[in-house]
Amino acid sequence: MIKSTHLLFPICMGAMLTLGACATVPKAEQAAAVPENATVAESTKQASTDNDSGKLICKRQTTAGSNFKRKVCATAEQWKAAAESGRRTTADIQRSKAPGISN
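Take a look at the structure:
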């Protein structure tokens with residue numbers, strides 16, 4: 518009985534390490550899955566409120582997979598284009614069928 522308990526701990530630890538390695542995603546795949554400019558939340562702070570299309574508007578945004586906010590600067594037209602692109606992508610995802618479902 519004593520010998521079996523001595524083997525049980527290393528076997529359990531090995532199984533946990535093996536399963537833990539399967540659950541992790543390499544950094545290269547994470548970067549490919551989440552684009553550089555992907556954000557979790559819409560803009561939270563706006564540094565500049567000028568409506569002039571030539572002026573840069575800087576916003577602090579939360580990046581997916583990070584606890585830190587980063588500063589992103591773009592023109593008003595670029596912000597509008599990014600918002601529209603996000604709306605289109607969301608609508609496309611919501612309209613698409615789940616894999617394996619056929620009607």
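If you want the numbering used here, it's the 1-based position in the sequence shown plus 517.
Backbone N, C-alpha and C define an ideal beta-carbon position, used for all residues, glycine too.
Computed from a prediction, not measured in an experiment: that's the story for all the values here.
Looking at Lys576: is its Cβ nearer than 8 Å to the Cβ of Val589?
yes
If the criterion is Cβ atoms closer than 8 Å, does the pair Thr579 and Lys572 meet it? no
Open item on the list: I need the DSSP call for Gly571, collapsed to helix, strand or coil.
Closed with: coil
message: Please state the DSSP three-state secondary structure of Lys597.
response: helix
Can you give me the C-alpha to C-alpha distance between Lys614 and Pro527, rounded to a whole angstrom?
45 Å
Mark Val557 as exposed unless 16 or more other C-beta atoms lie within 10 angstroms of its C-beta, in which case mark it buried.
For Val557, the predicted structure reports a pLDDT of 39, less than 50, and the residue's modelled location is therefore unreliable. The matter cannot be settled from this model.
Under 8 Å between C-beta atoms of Ile574 and Ala600
no
Item to check | First through last residue of the beta strand (DSSP E) which encompasses Lys586 | outcome: 586–592
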